[in-house]
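>
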Amino acid sequence: MTELKLQSLKKTYGSVAALAGVGLTVPSGSRTAIVGPSGCGKTTLLRLIAGFDTPDDGTIAFDGETVASFEEQVPAHRRNVGIVAQDGCLFPHLTVADNIGFGMKADRATKLAKASELMEMVGLDRAMLSRKPDELSGGQQQRVALARALACRPRLMLLDEPFSALDTGLRAATRKAVSEVLSAAGITTILVTHDQAEALAFADQLAVMRAGNFSQVGAPRQVYARPVDAETAMFLGEAIVLPAVVGQGRADTPLGSLAVDDASYTGKTQVMLRPEQMTLQQSDTGAAVIGEMVFSGSTCEVLVTLEGEGGPSFRLDIPSLSPLASGDRVAISVSGAAHLFR
Amino acid sequence: MSSIADTRAPTVPHRRMPAATSWTLSIAVVVALLSLLPLGFVIWAGIVTGWDTAVQLIFRGRVGELMVNTVLLILITIPICAVLAVTLAWLTERTDLPGARLWSWLAVVPLAVPAFVHSYAWLGLWPGLNGLTAGVSISVVAYFPFLYLPISAAFRLLDPALEDQASSLGLPPFAVFRRVVLPQLRLSLCGGALLIGLHLLSEYGLFAMIRFDTFTTAIIDQFQSTYNGVAAYMLALVLVACCFVLLGLEAALRGRRRYARLGPGVARQVRKVRLGFWKYPALILPLGVAVFSLGIPSLTLGRWLIAGGAEIWRTDEVWLALWQTLVICIIGGIATAAAAVPIAWLSVRRPTPASRFLEGCYYLASSMPGVVIALALVTVTIRVILPLYQTVATIAIAYVIMFLPRALVSLRASIAQVPVELEQAATSLGRSPGNALWSTTVRLAAPGAAAGMALASLGIMNELTATQMLAPNGTRTLAMAFWALTSEIDYAAAAPYAVLMIVFSLPLTLLLHHHSKKIAGR
Ligand SMILES: Nc1ncnc2c1ncn2[C@@H]1O[C@H](COP(=O)(O)OP(=O)(O)O)[C@@H](O)[C@H]1O
Ligand SMILES: [Mg+2]
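Residue numbers (full-length UniProt numbering), protein chains in the order written: chain D, 1 to 342; chain P, 1 to 522.
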């Protein structure tokens, strides 16, 4: 149970500013997810927290105790931070049991007992203990890597895209198993991912990262519903951004007049709607036309184009059993308020 | 009756070996049989000698002395080489040692100096040099690059993420080195140590010059003094037994493990260890190594060249020797690398007891002293196929036998770097197996083949005894001329030949170093 506090962390590689002054507080025992496109500095941030690299500027503190700053550096082996990387990073020359027991300070029998206990915890068969890492599947390797990190009772767990090498089904199952294990152990955790659904499902706190900085940090629901800008909005899921003239709590948009979530603003700006706020209704007097339709099982993705010159178009998922067809004219009704970008 | 026929299990169709594999295997077997010719020859000689005479010749004080010498030489030289090579490789690859690149080149350059030229150089400074200490010292400077080269390449290939991972699990730096880095160097350590061990067993010139007796020098003494082969054959049998021991040890320690990285992801750039206070004191090691392995030869050769003046460059003789040496090196190098390809591929891709056995055959064959290989070939050509006596073909066969393991080590290492999945992916893209092999593994392992060829050519350039006995009439290579002149105590006249050997070995050595870096993806 450790609180992690980062203050204006900077790290530059040559001319690339991998981190440009990152600040973050992760409350003790909570789970934070960091999402961001590839190359935005997520791995760099975790490496600094783990102590593999030194920040150019800024501080890292565990429970108020500074572990990295301009003056001092606690080396990685004294930080007690567990890290599970994208490829698991198991030691190829050791068996699964020896991998798990690697960091433990105990005799062989204790290590073995603990290792099989951890194997059970991460949902693997004890019989695998004597195997070499290259005899395991990707998902199994990830779980062993987690067990290995847990074996040292870390004060902080860092997960760097641990599920990205796994296929979809396995991915959900492994993620669930991992998050259960971590909750049970009550370990402060940071999960890095570029999969927004994973982040939203996993986290107590969500940080969206862009080009070496956090563009927004907050509760997943809040960040999803009230993103700071269009780019952040798009990163967390499909968003329909419309030009608007706002006044007295309402916005005048191509979809008509909509309620907005910020009554204090007046002027020209943009508003955002999430697709789940919209419903399509077949109507000969409707303001929009359905274009291309892509069938994908339970849902159908449709392209909706608003009438008028240069009318905006956007994509929506509708139930695939819906009677709507390409070329149909539809009316759009909106539930809830539109989110306003200041 | 019919019921019996009916209940019989259906015959399982024989799982056929892919054509590519069986062809490769056949070629490997033919090369192995050829390689084993000298060994077979010695065993045949042993049988002809008869049990009583053999026992009498093997279990005597002289053999005991030689055994003690050989064992001590190996037991002392290899650990020193290993510690030196690992430390040097770590300093040059993993730390901010000033001039790391230069030191890394300089650690490979001693390979360009023939072992007997090292002896010649040390004798130039300390004329009375002899015995075990001298043997070990000169062997270390002459042979440690055989360990430095694979270990520094392995250092470059190690995934630094594993070391990070270990330290996040609470291991202090030295423990990380011991528990994560060293085990991953094991393959290179074993391979390099074996190569050095085999060299120590079969080197003649280095030890003859400082009058340190090993089995090899004793065998050649026997031949030269008495022309009575029998005693020498028995010594060769003991030598073969030593070789068996080395091979067994290496096989036991090497284990079997893939070189290729686990999982996806790109290896991070290695973060260099800051030496801090030790930055400049640490220079003493590479500097000291360079002084002994390069400074001493330069000093002695320089002295003789100055003392000899222009007179020692009897140009027509020197250039003729150079030309003949180069032709022999190229022919032998290509033959050796080509002969090593089938077994290198088999031992990585289709490792079976048979492939391991074949590999063992090659090592065994190559560890036979040059003189025994040469004598076997001389005898066989004279008795069985006279037209081949003293031809280029015969001498090429001798080189293949002697230097195949050199080519094999680098070929095998580079084939192992290429994940087999790549080859399979190419097959699945519709290439025939042979074509898939060509377009993936062969292309990617080409640097390894080139390195193997360079290593073999290096060996050939510095080879003395077999060349002397097998070369077509009128051939006089640089090594032969050098040895003849030093035997006449004409050290000054010998110097130009040594210089030429070094000058021409040098590009090969540097090429080798370059390729070992390229294999590592830098
Ligand atoms: N060791 C390094 N040397 C040079 N540049 C680096 C290094 N590590 C990361 N970078 C650069 O820093 C940026 C952030 O990288 P990284 O943290 O790995 O991104 P992410 O994990 O979000 O994909 C990238 O532009 C990358 O090229
Ligand atoms: Mg990353």
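Note that the Cβ used here is the ideal one computed from N, Cα and C, for glycine as well.
Output needed for L200/D: all residues of its chain with C-beta closer than 6 Å, excluding positions within five of it in sequence on either side, in chain order.
Contacts found: P220.
> May I ask you to list, following chain order, the residues of the region 208-230 of chain D that have a beta carbon less than 7 Å from some beta carbon of chain P?
Those would be none; no residue qualifies.
> Check whether the Cβ atoms of C329/P and I502/P sit closer than 9 Å, and answer yes or no.
Contact flag unset, no.
> Let me know the secondary structure DSSP gives H514/P once reduced to three states.
In this structure, H514/P counts as helix in the three-state DSSP scheme.
> Indicate whether L118/D and Q142/D have their beta-carbon atoms separated by less than 9 Å.
No; because the gap between Cβ atoms is not below 9 Å, this pair is not in contact.
> Cβ of I215/P within 9 Å of Cβ of T53/P?
According to the sequence shown, residue 215/P is Phe rather than Ile. No; because the gap between Cβ atoms is not below 9 Å, this pair is not in contact.
> Between V180/P and chain B, is there a C-beta pair that is closer than 9 Å?
No chain B is part of this structure, whose protein chains are labelled D and P.
> Taking Cβ-Cβ distances below 9 Å as the criterion, which residues of the region 235-253 of chain P are in contact with chain D?
Residues: none.
> Starting from F222/P, find everything on chain D with Cβ-Cβ shorter than 8 Å and list it in chain order.
The sequence given here has Gln at residue 222/P, not Phe. Here the premise fails: no neighbours, minimum Cβ distance about 46 Å.
> Kindly indicate which residue of Y280/P, F403/P, Y143/P, A396/P has the alpha-carbon position closest to the one of I331/P.
Measuring from the Cα of I331/P, the nearest candidate turns out to be A396/P.
> Considering only the alpha carbon of each residue, which of P227/D, S283/D, A203/D, P323/D lies closest to K176/D?
Checked all of P227/D, S283/D, A203/D, P323/D; the closest Cα to K176/D is A203/D.
> Take G169/D as the anchor and find which of C300/D, T189/D, G139/D, R315/D has the nearest alpha-carbon.
The candidate whose alpha carbon is nearest that of G169/D is G139/D.
> Got a sec: is the Cβ-Cβ distance from S167/P to anything in chain D below 9 Å?
With 9 Å as the cut-off, S167/P counts as an interface residue toward chain D.
> In angstroms, rounded to a whole number, what distance separates the CA positions of C152/D and K114/D?
If you take the alpha carbons of C152/D and K114/D, they lie about 11 Å apart.
> Starting from N213/D, follow its DSSP beta bridges and name the residues at the other end.
N213/D pairs with R210/D.
> Determine which residues share a DSSP beta bridge with Y265/D and list them.
Looking at the DSSP assignment, Y265/D forms no beta bridge with any residue, so it has no partner.
> Show which residues of chain P have a CB atom less than 9 Å away from the CB atom of V81/D.
Chain P residues near V81/D: S168.
> Would you say L112/D and A127/D are within 9 Å of each other, going by their C-beta atoms?
Not a contact, by the Cβ cut-off of 9 Å.
> State yes or no: is the C-beta of L206/D nearer than 8 Å to some heavy atom of ligand 1?
No, the beta carbon of L206/D sits no closer than 8 Å to any heavy atom of ligand 1.
> Measure the beta-carbon distance from I83/D to L46/D and round it to whole angstroms, keeping in mind my assumption that it falls under 8 Å.
The Cβ separation is near 7 Å, so the contact holds.
> Any beta-carbon of chain P closer than 9 Å to the one on G103/D?
Chain P, which has a Cβ nearer than 9 Å to the Cβ of G103/D, makes this yes.
> Can you give, in chain order, each stretch of the alpha helix (DSSP H) that sits fully within the region 178-219 of chain P and has at least 4 residues?
Complete alpha helix (DSSP H) runs here, min 4: 182-202, 205-209.
> Could you check which residue in Y497/P, L364/P, A208/P, L287/P has the C-alpha nearest to that of L129/P?
Cα-wise, what sits closest to L129/P is A208/P.
> Using the beta-carbon of each residue, find all residues closer than 5 Å to any heavy atom of ligand 1 and list them in chain order.
Result: Y13/D, V16/D, A18/D, S38/D, G39/D, C40/D, G41/D, K42/D, T43/D, T44/D, Q269/P.
> Is the CB of G336/D under 9 Å away from at least one CB in chain P?
By this cut-off, G336/D is not an interface position.
> Would you please verify whether the beta carbon of A177/D is less than 9 Å from any beta carbon of chain P?
No, no contact with chain P.
> Run through DSSP, which three-state label would K105/D get?
Looking at K105/D - three-state DSSP - the assignment turns out to be coil, as it is neither helix nor strand.
> Going along chain D, which residues have a C-beta under 8 Å from Q417/P?
Simply none; closest approach about 14 Å.
> Compute the Euclidean distance between the alpha carbons of T352/P and V86/P, then round it to the nearest angstrom.
Answer to the nearest angstrom: the Cα atoms are 31 Å apart.
> Which bits of chain D does L157/P rub up against, with CB to CB less than 7 Å?
Within 7 Å Cβ-Cβ: nothing; L157/P doesn't reach chain D, min ~12 Å.
> Would V330/D pass as a contact of V289/D if the rule is Cβ separation under 9 Å?
Yes, Cβ-Cβ distance for V330/D and V289/D is below 9 Å.
> Pull the bridge partners of T66/D from the DSSP assignment, please.
Per DSSP, A61/D.
> Since A466/P and F482/P should fall inside the 8 Å C-beta cutoff, what is the C-beta to C-beta distance between them, to a whole number of angstroms?
Not really, about 15 Å apart at Cβ, beyond 8 Å.
> Roughly how many angstroms lie between the CA atoms of L37/P and S487/P, to the nearest whole one?
Cα-Cα distance, rounded: 31 Å.
> Express the C-alpha separation of I78/P and A365/P in angstroms, rounding to a whole number.
C-alpha separation (whole angstroms): 21 Å.
> Per DSSP, what kind of secondary structure is T300/P in: helix, strand or coil?
DSSP places T300/P in helix when its eight states are reduced to three.
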